[in-house]
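Residue numbers (our numbering): 44 to 448.
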């Protein structure tokens, strides 16, 4: 990977990161939905990260199709839910009761469920739940079967636990906490190139957008991206975006490349004036050249770095970044493969904010076919977003507890 992060911090080897118990079992996630129209039916498809039990039934006046799941995390956009096509007028989602999520589909005419099934993941396609609806007369509607369910619906309480969500404290003013995600590279700086030709700049942006959706769906965070399209953003401008938005956390996202195609796994970096190893040092040197690659004006940059280094030595940002990195390691390893030595440090230029805890995540090696394939998968990216959410919850809860003591 190549990146540019603006934080130069040296780390204290004091670890107090496990003050919170490990997160409860995470909820299943529905992250996509679409409607397909066929000559004699309408197909509704939900994309999810794992199989879940379900129950379907129909209601009349107005006509609706109702789908019950165990409690799930819903990441489908409002625009998609309002889309009207075929029999489907629109649909909505909500928590029906603790442990039970519900989707209500408004249909334009009486409809019967002719098929319902789960499809396993296949190549780049995620797991899918499919329902086929067929228009029928009112008479047939009231005379026919009104409900259907998966074989394991009756066992759902033993299959999935109700998640105890962390009561992460908001800021004192009651607003959502601000997290800045920094998709590495962009525009004229493509970053590294994968074995099948994928660009790091596209991978990091896709992961950042997925993570933003996951984190904001919790209602606890406002997530700002340093870029939302394929454009170049200078290193210094990235952390200025964090400062201008009064961010409380900065995470830069990258994907690495190495000579051996067998090596795979992610890692988390915090900043120091001394690298943890030769690979970390080489990586920092590559990432710090990002502005040069893009032809950016670097006048005045060296003096600013020197000033920030002094500032960083006089505050606790380095220690907070250390704690954040440890929590990211703990949560990411539940979702993705990490290197054996997963927490590293080096003199990156992008983690330069003296007041904002900052880390850089290498999501994997694009030089490895498995890592590259995973990072191109939408549901894999959702898993990364869930890990970032859990780590942020743990970090801010720990911080609040420390502030009270």
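Beta carbons are placed, not taken as given, at the ideal position from N, Cα and C, and that holds for glycine.
- Residue 408 and residue 313 have their C-alpha atoms roughly 19 Å apart.
- Exposed is the label assigned to residue 305, since fewer than 16 other Cβ atoms lie within 10 Å of its Cβ.
- The alpha-carbon separation between residue 297 and residue 116 amounts to approximately 26 Å.
- The segment 414–430 and the segment 373–382 touch, with three or more beta-carbon pairs separated by less than 8 Å.
- Pairing residue 80 with residue 399, the inter-Cα distance amounts to about 49 Å.
- Separation of the CB atoms of residue 103 and residue 89 is rounded to 23 Å, and the pair is thereby denied contact status at 8 Å.
- In the three-state DSSP reduction, residue 73 falls in the strand class (E or B).
- Residue state for residue 307 is assigned as coil, using DSSP reduced to three classes.
- Assigned with DSSP and collapsed to three states, residue 191 falls in strand.
- Within the segment 249–282, the complete beta strand (DSSP E) runs of at least 3 residues fall at 264–268.
- For residue 372, the enclosing alpha helix (DSSP H) covers residues 360–375.
- DSSP, reduced to helix, strand and coil, places residue 414 within a helical segment of the structure shown.
- With fewer than 16 other beta carbons inside 10 angstroms of its own, residue 160 counts as exposed.
- Here residue 171 has 88, 89, 90, 91, 161 and 162 as same chain residues with Cβ atoms under 8 Å from its own Cβ, once five neighbours each way along the sequence are excluded.
- Check the Cα spacing between residue 225 and each of 193, 196, 238 and 274: the tightest is with 274.
- DSSP, reduced to helix, strand and coil, places residue 114 outside both helices and strands of the structure shown, so it counts as coil.
- Distance from the CA atom of residue 299 to the CA atom of residue 371, rounded to whole angstroms, is 18 Å.
- Take the alpha-carbon of residue 271 and the one of residue 124: they are about 23 Å apart.
- As the crow flies, the alpha-carbon of residue 406 is around 20 Å from that of residue 276.
- Here residue 174 is not near residue 150, since their CB atoms are 8 Å or more apart.
- By the C-beta density criterion, residue 402 is buried, having at least 16 other C-beta atoms within 10 angstroms.
- According to the DSSP secondary-structure assignment, residue 102 is paired through a beta bridge with 107.
- Collapsing the DSSP output to three states places residue 218 in coil.
- The segment 178–196 makes contact with the segment 93–113; the number of CB pairs closer than 8 Å reaches 3 or more.
- From the listed residues 230, 138 and 254, the smallest Cα separation to residue 111 is found for 138.
- By the criterion of a C-beta distance shorter than 7 Å, residue 135 is surrounded in its chain by 124 and 147, once the five residues flanking it on both sides are discounted.
- Under a 10 Å Cβ-count criterion, residue 445 is classified as exposed, with fewer than 16 other Cβ atoms of the shown protein chains found around its own Cβ.
- Look at residue 422 here: in three-state DSSP terms it is helix.
- Cβ neighbours of residue 265 within its own chain (closer than 6 Å, five residues either side excluded): 219 and 221.
- The shortest CA-to-CA distance from residue 227 to any of 252, 385 and 84 is the one to 252.
- The bridge partners DSSP lists for residue 150 are 131.
- Separation of the CB atoms of residue 366 and residue 438 is rounded to 7 Å, and the pair is thereby assigned contact status at 8 Å.
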